[in-house]
Amino acid sequence: MTALAERLQRPEARTVAVALAAAVFLVSWGLIHRGFYAGHEIVDTPTYESYGERLLDGHVPYRDFRVEYPPGALPVFVLPALGGDYASVFAWLMAACGLVTLLAVARVRLAAAFFVAVSPLLVGSLVLSRFDLWPAALTAIALAALLEDRHRLGWGFLGAAVAAKLYPFVLVPLALAWTWRRARLRDALAGVVVFAAIVLPFFVLSPGGVWDSLYGQASRPLQIESLGAAAVTTLAHPDVVTSHGSQNVVGFGWLALLTVCVQIGVVVALWIDFARRPDDLPRSAAAAVTAFVAFGKVLSPQFLVWLVPLVPLVRGRRALAAIGLLVTALVLTQVWFPARYWDYVYHFDLAGVVLARDLALAALVAVLALHR
Numbered sequence: 237m238t239a240l241a242e243r244l245q246r247p248e249a250r251t252v253a254v255a256l257a258a259a260v261f262l263v264s265w266g267l268i269h270r271g272f273y274a275g276h277e278i279v280d281t282p283t284y285e286s287y288g289e290r291l292l293d294g295h296v297p298y299r300d301f302r303v304e305y306p307p308g309a310l311p312v313f314v315l316p317a318l319g320g321d322y323a324s325v326f327a328w329l330m331a332a333c334g335l336v337t338l339l340a341v342a343r344v345r346l347a348a349a350f351f352v353a354v355s356p357l358l359v360g361s362l363v364l365s366r367f368d369l370w371p372a373a374l375t376a377i378a379l380a381a382l383l384e385d386r387h388r389l390g391w392g393f394l395g396a397a398v399a400a401k402l403y404p405f406v407l408v409p410l411a412l413a414w415t416w417r418r419a420r421l422r423d424a425l426a427g428v429v430v431f432a433a434i435v436l437p438f439f440v441l442s443p444g445g446v447w448d449s450l451y452g453q454a455s456r457p458l459q460i461e462s463l464g465a466a467a468v469t470t471l472a473h474p475d476v477v478t479s480h481g482s483q484n485v486v487g488f489g490w491l492a493l494l495t496v497c498v499q500i501g502v503v504v505a506l507w508i509d510f511a512r513r514p515d516d517l518p519r520s521a522a523a524a525v526t527a528f529v530a531f532g533k534v535l536s537p538q539f540l541v542w543l544v545p546l547v548p549l550v551r552g553r554r555a556l557a558a559i560g561l562l563v564t565a566l567v568l569t570q571v572w573f574p575a576r577y578w579d580y581v582y583h584f585d586l587a588g589v590v591l592a593r594d595l596a597l598a599a600l601v602a603v604l605a606l607h608r
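To convert a position in the sequence shown, counted from 1, into our numbering, add 236.
Right under this line is the structure:
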């Protein structure tokens with residue numbers, strides 16, 4: 237261990253380092269309001285604001301109005317609607333989620349906190365108007381707690397994360413193996429209880445409405461930025477339609493099915509591999525979520541936010557390659573989103589860049605999946 241590493245093990249030194257990382261994060265957050273980042277925006281906050289206002293007016297989500305997202309997302313839609321400029325309040329709420337994420341990953345690996353600190357510059361201005369930092373923060377806390385053998389706390393936050401956005405479900409089998417190996421399987425009930433407490437009341441009030449929000453995500457067609465669609469737009473000029481809140485290619489149902497099969501196959505293979513050797517939870521967690529993103533039918537730019545707190549936790553010789561591939565994917569995304577997104581949709585401009593981004597994510601899965 238180097239002298240610097242030894243010094244950073246001291247509590248006071250770690251506190252200073254984490255405070256420095258938090259300051260860097262806030263500076264990064266401020267910079268994405270300016271210059272290159274402020275030139276073009278595609279925002280989701282008007283939709284979130286409509287949800288929040290209806291909730292405050294006494295309307296019941298899923299029963300009285302359609303909501304695209306799971307019930308665990310509702311708190312971050314409501315809070316900014318209580319007062320002030322909605323977009324500004326929402327952006328600072330996401331900044332708070334980002335800081336919580338930074339603090340959580342710092343407990344696992346201090347160097348990862350500095351990657352989170354500069355991540356707003358890599359992700360771009362979309363983090364200001366997407367709620368993905370909320371489930372990312374919940375997931376990061378859950379993972380940190382599990383690694384510290386605080387299983388009940390970890391499972392509670394994992395249940396909340398799944399209730400906020402479904403992607404953390406791919407971590408559930410990994411967490412089960414991790415908890416079972418440590419003879420703490422009973423603590424997994426905390427995740428079930430938290431998930432049920434968040435979702436069940438809305439399901440009782442409107443089972444059809446909640447089911448529609450979940451099924452609507454699963455039944456989406458091949459979104460134009462996904463790996464399969466990027467391959468098609470690079471080689472051909474398919475028809476594009478807008479549905480399910482995104483732009484999607486038409487007439488490639490077989491490719492969408494193949495994509496789902498590959499996604500499920502890779503994720504299940506990662507689960508089985510970890511069940512056999514549950515020794516490196518951060519690497520397997522990063523691999524599972526990356527596979528879910530890389531091989532899905534939908535690959536919206538904000539999905540890369542999910543990877544920001546996970547990939548930097550990976551250690552060993554693969555760490556540099558993993559970070560490099562993630563940075564590549566993040567930077568390539570900013571080449572077309574948001575400034576040239578509609579040029580890609582209507583004219584397939586930069587289709588090769590979109591495909592290169594998706595292939596970088598596929599390569600990241602391979603790097604994370606290897607044991608050596």
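Ideal placement from N, C-alpha and C gives every residue a C-beta, glycine not left out.
task = Give the straight-line distance between the Cα atoms of PRO356 and LEU604, rounded to the nearest whole angstrom.
result = 23 Å
message = Give me the DSSP bridge partner(s) of MET483.
response = Inspection of the sequence shows that residue 483 is occupied by Gln rather than by Met. Partner residues in the beta bridge of GLN483, as assigned by DSSP, are THR478.
request  = Tell me whether HIS387 is buried or exposed, calling it buried when 16 or more other Cβ atoms sit within 10 Å of its Cβ.
outcome  = buried
Residue burial classification, GLU461 (beta-carbon count within 10 angstroms, cutoff 16) = buried
ask   = If you follow the alpha helix (DSSP H) that GLN499 is part of, which residue opens it and which one closes it?
value = 489-512
ask   = Exposed or buried, what is PHE431 when buried is set at 16 or more other beta-carbons lying within 10 Å of its beta-carbon?
value = buried
inquiry  = Quick check on DSSP: helix, strand or coil for PHE301?
reply    = strand
Counted within 10 angstroms of its Cβ, other Cβ atoms place TYR580 as buried (16 or more) or exposed = buried
key: Pair within 8 Å by beta-carbon distance, LEU358 and VAL563   = yes
query = Are the Cβ atoms of PHE438 and PRO307 separated by less than 8 Å?
reply = yes
message = For a quick check, are the C-beta atoms of VAL312 and TRP370 less than 8 Å apart?
response = yes
task = Please name the residue in ALA342, VAL279 and PRO474 whose C-alpha comes closest to that of ALA327.
result = VAL279
key: Every unbroken alpha helix (DSSP H) within the stretch 347-411, with a cutoff of 4 residues, ordered by chain   = 369-383 and 387-400
task = Check each candidate in ALA424, LEU441 and PHE367 and name the one with the smallest Cα separation from SER536.
result = PHE367
inquiry  = With a threshold of 7 Å on Cβ separation, who are the neighbours of PHE539 within its own chain once the five nearest residues in sequence on each side are excluded?
reply    = Same-chain partners within the cutoff: VAL529.
Contacts around ALA323, its chain only, beta-carbon distance under 6 Å, and the 5 residues preceding and following it disregarded = THR281
inquiry  = Could you pull the DSSP bridge partners for GLN570 from this structure?
reply    = Partner(s): none; GLN570 has no beta bridge.
message = Within 10 Å of its beta-carbon, does PHE531 have 16 or more other beta-carbons around it, so buried, or fewer, so exposed?
response = buried
query = By the 10 Å Cβ neighbour count, where 16 or more other Cβ atoms means buried, how is ASP594 classified, buried or exposed?
reply = buried
ask   = Roughly how many whole angstroms lie between the Cα atoms of ALA467 and VAL590?
value = 9 Å
query = Just to confirm, are ALA400 and ALA340 a CB contact at a threshold of 8 Å?
reply = no
request  = Would you give the residue range spanned by the alpha helix (DSSP H) that ASP594 belongs to?
outcome  = 587-605
key: the stretch 377-394 in contact with the stretch 412-420 per 3-pair CB rule at 8 Å   = yes
query = So, using beta-carbon positions, are ALA505 and VAL601 closer together than 8 Å?
reply = The beta carbons of ALA505 and VAL601 sit no closer together than 8 Å.
ask   = By Cβ distance, which residues of its chain are closer than 8 Å to LEU412, with the 5 residues on each side in sequence left out?
value = LEU421 and ALA424
Alpha helix (DSSP H) runs contained entirely in the stretch 238-285, provided each spans 4 or more residues = 239-244 and 247-267
request  = Give a yes or no on contact between the stretch 438-447 and the stretch 469-488, applying the rule of three or more CB pairs nearer than 8 Å.
outcome  = These segments do not touch.
CB contact flag (GLN459, VAL344, <8 Å) = no
ask   = With a CB to CB cut of under 8 Å and the five nearest residues on each side skipped, what residues in its chain are close to LEU450?
value = PRO306 and LEU402
ask   = On the premise that LEU606 lies in contact with ALA554, defined as a C-beta separation below 8 Å, what is that separation, rounded to the nearest angstrom?
value = For the record, residue 554 in the displayed sequence is Arg; it is not Ala. 7 Å between Cβ atoms; contact.
request  = Apply the 10 Å Cβ neighbour rule to ARG519 and answer buried if 16 or more other Cβ atoms are within range, or exposed otherwise.
outcome  = buried
task = Could you tell me if the beta carbon of GLU285 falls within a distance shorter than 7 Å of some heavy atom in the ligand ATP?
result = Only the bare structure without any ligand can be found here, which leaves the ligand ATP out of the picture.
ask   = By how many angstroms is the C-alpha of ALA558 removed from the C-alpha of PRO514?
value = Taken atom to atom, the span from the alpha-carbon of PRO514 to that of ALA558 is near 20 Å.
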